[in-house]
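Read the structure below first, then the notes.
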Amino acid sequence: MSSAPTIDYSEKIPNNVDLAGDRRLQRALESWQPKFLQWWRDLGPVAFQDHDVYLRTAISTDQEGWANFGFVKMPEYRWGIFLASQDPNRTIAFGDNMGEPVWQEIPGEHRADLRRLIVVQGDTEPASVEQQRRLCETAPSLWDLRNLFQVNVEEGRHLWAMVYLLHRYFGRDGRDEAEALLERNSGDLDNPRILGAFNEQTPDWLSFFFFTYFTDRDGKYQLASLRESAFDPLSRTCQFMLKEEAHHMFVGATGVGRVVQRTVELMKEHDTEDVRPYGGLDVATLQRYLNFHYSVSLDLFGAETSTNAANYYAAGLKGRFHEEDRNDDHQLKSDYRTIATLDDGGRVGEREVLSLTALNATLRDDYVEDCAKGVERWNRTLADVGCELRLPHIGFHRAVGEFVGAQVAPDGRVVSAEEWESNRSKWLPTDDDQKYVESLMQPVREPGKMAGWVAPPASGLHGKPVDYEYVKL
Ligand SMILES: [Fe+2]
Ligand SMILES: [Fe+2]
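Numbering (my numbering), first residue to last: 1 to 473.
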């Protein structure tokens, strides 16, 4: 199957995978489509479904011209199936089958593992739409409202991407999994989403900005390692998803950046750190939100050492971030690295492990490095008022891996349970913080106007001014 980069929009399901050439698959996906739309109506954004929103839609998976901007009502968004072009010479870049041609069909022995990887990834996509569904009621500007909807429709499309793979390559099981992706719901007590962070609430825009910065960035790293997969259709799907994902992280990085900027303005104007009386967000509150979203996102990488991760790698199912740029044997069977852990004395120490078993830790290290870049940028703004934000220690507030149950302070000290509890309100968002943040969440819907707790963006979108009517009210 070689794909033309151009997407066929005359079809019921836009695609560049020649869906019309496989009637059975086409019919199966066309019968999933109304269920998806029903899910979107039931659990997508709670309002604005009938409004015109200035959205981008993929028209080609080429480098240029892949995104087309125009006004669309969200339920009429052309969700479809878009894979990056096939490279006929692509070979497996790592693991036991390194150097062999990549797979266009799934080898039987890897079926169960690949299905699991695809389902776990697929589950996060609609989960975030569910988590964010009420945010449209309190957007700080039309610009932000539009960005939220862009993220939401693209997460919906990422669900399509995974559902296509399930339907096309996994037969009956795949079709069942595709149904289940619409049946599990974020925060549902009986049938929750698979991963913890995707059952947390995203109740306000401050959380949304931190979520898109930290949690969508986990998505970037997961997709980037699946892009390395020997299963070529998965690789090509992820490659295209990553292009869309970049915008989500832009929303987070610039969102937090604009909050920080506004905080600094208010601090200077009123010569105080306590900007709450002036409707701003103080740095200590921002730090607590950062601590929360960062630590729950670290959990998404799984335990530092993992036999599953080692097996996925050896089998060629899931690689490392930028696998091909690495100068090693891409087998990792005689490579060692250290991971942070608690030593026998209960202090933070290190232990040496086989690199092959520590791939989750390696991916997480790359992620942490990436996270730090945004924090540095925010700190350039904060330097003006002598403040800074910090990523907490890797052991802080963890529910997965080496530090589960340990009382690690943000600065990396292991403290007593009492000390940890008595500092909880300094380290993590409190009820009071949440109430205050909630009180700031007043919708602003006049083009170009911004809520008082966030600065305007540096520029508009796609050549449009900041005061453009991005959502037609
Ligand atoms: Fe996504
Ligand atoms: Fe995303």
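Beta carbons are placed, not taken as given, at the ideal position from N, Cα and C, and that holds for glycine.
Query	Result
I194 to P277 span [Cα, whole Å]	40 Å
Segments assigned alpha helix (DSSP H), at least 4 residues, entirely inside the stretch 60-127	none
G187 versus D216, Y436, T237, L43, residue with shortest Cα-Cα distance	L43
N- and C-terminal bounds of the alpha helix (DSSP H) containing Y9	Note, Y9: premise wrong, no alpha helix (DSSP H); not H, not E.
Inter-residue spacing [alpha-carbon to alpha-carbon] between A406 and V385	34 Å
8 Å Cβ cutoff met for T212 and H248	yes
For V414, the residue or residues it bridges with in DSSP	V408
R398 vs D299 beta-carbon contact at 8 Å	yes
Endpoints, the alpha helix (DSSP H) within which L342 is located	Here L342 belongs to no alpha helix (DSSP H); instead the beta strand (DSSP E) covers 336-342.
Alpha carbon of L242 to alpha carbon of L234, nearest angstrom	12 Å
Residue closest to V471, alpha-carbon to alpha-carbon, out of P14, V53, A58	V53
Close-in-space but distant-in-sequence residues of the same chain around D282 (CB under 8 Å, 5 per side omitted)	T263, E273, D274, V275, R276
Environment of H393 [buried if 16+ CB atoms lie within 10 Å]	buried
Bridge-paired residues (DSSP) for L286	L286 pairs with nothing; no bridge assigned.
Distance cut-off 7 Å: G219 Cβ against heavy atoms of ligand 2	yes
For G349, three-class secondary structure by DSSP	strand
Stretch-stretch touch, CB-based, cutoff 8 Å, three pairs: the stretch 113-133 with the stretch 151-164	yes
Segments of 4+ residues assigned as alpha helix (DSSP H) that fall wholly inside the stretch 183-244	205-210, 216-227
Proximity below 8 Å, CB of G316 to CB of F170	no
Inter-residue Cα distance where the pair is D335 and T307	15 Å
Closest Cα partner of S85 within the set R172, F208, G174, S60	S60
Ligand 2 heavy atom lying under 7 Å from the CB of V296	no
Distance cut-off 7 Å: K151 Cβ against heavy atoms of ligand 2	Note that residue 151 is Val in the sequence shown, not Lys. Yes.
Complete runs of the beta strand (DSSP E) confined to the stretch 291-331 [at least 3 residues]	none
Own chain, CB closer than 6 Å to D366, minus 5 neighbours either side, in chain order	F321
Identity of the residues DSSP links to L363 by a beta bridge	Paired residue(s): none; L363 is not in a bridge.
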